[in-house]
Amino acid sequence: KNDNYIVGIETSCDETAVAIVKNGTEIISNVVASQIESHKRFGGVVPEIASRHHVEQMTIVLEEAFEQAAIEWEAIDAVAVTEGPGLVGALLIGVNAAKALAFAKQKPLVGVHHIAGHIYANRFEQEFEFPLLALVVSGGHTELVLMKEHGHFEVIGETRDDAAGEAYDKVARMLNLPYPGGPHIDRLAGTGEESIKFPRAWLEEESFDFSFSGLKSSVINTIHNAKQRGEELKNEDIAASFQASVVEVLTEKTYKAAKQYGVKKVIVAGGVAANQGLRTALQKKFSEIAIPLLIPPLNLCTDNAAMIAGAGTIAYQQGKRSGWDLNANPSLVL
Ligand code: KG4
Ligand code: ZN
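The opening position of the sequence shown corresponds to residue 2 in the UniProt record's numbering, with each subsequent residue numbered one higher.
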């Protein structure tokens, strides 16, 4: 048999997810149980609540993934699981579920880096071409990753403070928008105008690093000063102005890196890849040069297990195996 069927398990944050993927390129089933409703009233993910939900949901989601795929365990080649980074208590549920399953069903176990997963979500859309540049923008990460071959990741730029999604969520909170705030800011930005010129953090000339904390402070100060002067700022305009700053820096740095490293393809990954402003700006920028740009559909941008199975397939095919001592690693490096 030449086909590889890999089970993926993801519990690094607030989604309990199990998927089954064929050859790393075809999604057979992809089940995600979101906990957003449980965390909303706290304005963010509460780690202890996340872990408890993962425990409750794991077997249900697992059974549904197998039911939807109409596949038996005999046909499965390996179990891939997110081993980090993420919330340690949340990761532990997935890691232990994967270990138990792999042990009971006598299948190889493959630990996967969450960001490798986000990157490999793109491979369900299109085959990779190397060198490849990935812009990873999520609630916990903002990174430019260079790949010269499958399974090898070189971080050429990363955030020095807040992640892009984190900045979105914090600004949303200032505007009293519900958690997670990214999509709400995105929607508001679409109807507002860039009436405030917020700073762009370009950092050093040759650096591909990012910084969003200065922008965040600038938004706080602007809102605060306007209030003191009795001025009324429109939320739409704050959102549009904030988004313009984030999108411009992400787009320009990605473009510069793509040219400098002579990449054959650029992909975008992570929750913030769902951002309409970012998608439009990147598409416009890359249509000017002959480097193909790939942005996955919305359901593959946010956390899911198909992406973990996808990255896990490559790791499995490259002979990577995890031992029974596999542990959750909240600060795993790519
Ligand atoms: O990748 P993801 O689901 O989880 C992490 O691994 O972090 O990303 C979640 C992040 C949140 O910060 C959320 O606000 C942000 O992605 N996000 C967005 C949009 N949709 C989700 N940010 C901006 N615009 C969006 N449309
Ligand atoms: Zn993620």
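Ideal Cβ placement from N, Cα and C applies to all residues, glycine included.
- According to the DSSP assignment, E144 belongs to the beta strand (DSSP E) that extends over T143 to M148.
- Boundaries of the beta strand (DSSP E) around V22: E16 to K23.
- Per DSSP, V264 has no beta-bridge partner at all.
- Between the C-alpha atoms of V269 and P297 there is a straight-line separation of about 7 Å.
- The beta carbon of D304 sits closer than 7 Å to at least one heavy atom of the ligand ZN.
- For V33, the three-state secondary structure derived from DSSP is strand.
- Look at E68: its beta carbon is at least 7 Å from all of the heavy atoms in the ligand KG4.
- For V96, the secondary structure class from DSSP, reduced to helix, strand or coil, is helix.
- Just measuring C-alpha positions, the residue of D170, D163 and R188 sitting nearest Y180 is D170.
- Shown here for F199: same chain residues with a beta carbon closer than 8 Å to its own, the five before and five after excluded, namely L216, S219, V220, T223, S242, F243, A245 and S246 in chain order.
- Under the three-state reduction of DSSP output, F67 falls in the helix class.
- Residue environment analysis places V62 among the buried positions, since at least 16 neighbouring C-beta atoms fall within 10 angstroms of its C-beta.
- Judged by DSSP in its simplified three-state form, F131 adopts coil rather than helix or strand.
- The beta carbon of G191 is closer than 7 Å to those of Q277 in its chain, skipping five residues each way along the sequence.
- Excluding the 5 residues flanking it on each side, P331 has same chain C-beta neighbours closer than 8 Å at G85, P86, G87, L88, V89 and L92, in chain order.
- When C-beta atoms of the region 127 to 141 are compared with those of the region 318 to 327, fewer than three pairs fall below 8 Å, so the two segments do not count as touching.
- By a beta-carbon distance limit of 8 Å, E65 contacts V32. Their separation comes to about 5 Å.
- Checking the 7 Å criterion, the Cβ of G44 is out of range of every heavy atom belonging to the ligand KG4.
- Within the model, the alpha-carbon separation for I309 versus G118 is close to 5 Å.
- Boundaries of the beta strand (DSSP E) harbouring H114: L110 to H114, taken from the DSSP string.
- Excluding sequence positions up to five before and after D210, its CB lies within less than 8 Å of the CB of G158, E159, T160, R161 and L204, all in the same chain and listed in chain order.
- One alpha carbon belongs to Q36, the other to K254, and they sit about 33 Å apart.
- The region 284 to 299 makes no contact with the region 149 to 158: fewer than 3 CB pairs, one atom from each, lie closer than 8 Å.
- For V172, the closest C-alpha among the options G140, T17 and I120 is that of G140.
- Going by DSSP, Y317 is part of the alpha helix (DSSP H) stretching over A307 to Q318.
- The Cβ-Cβ distance between V248 and A227 does not fall below 8 Å.
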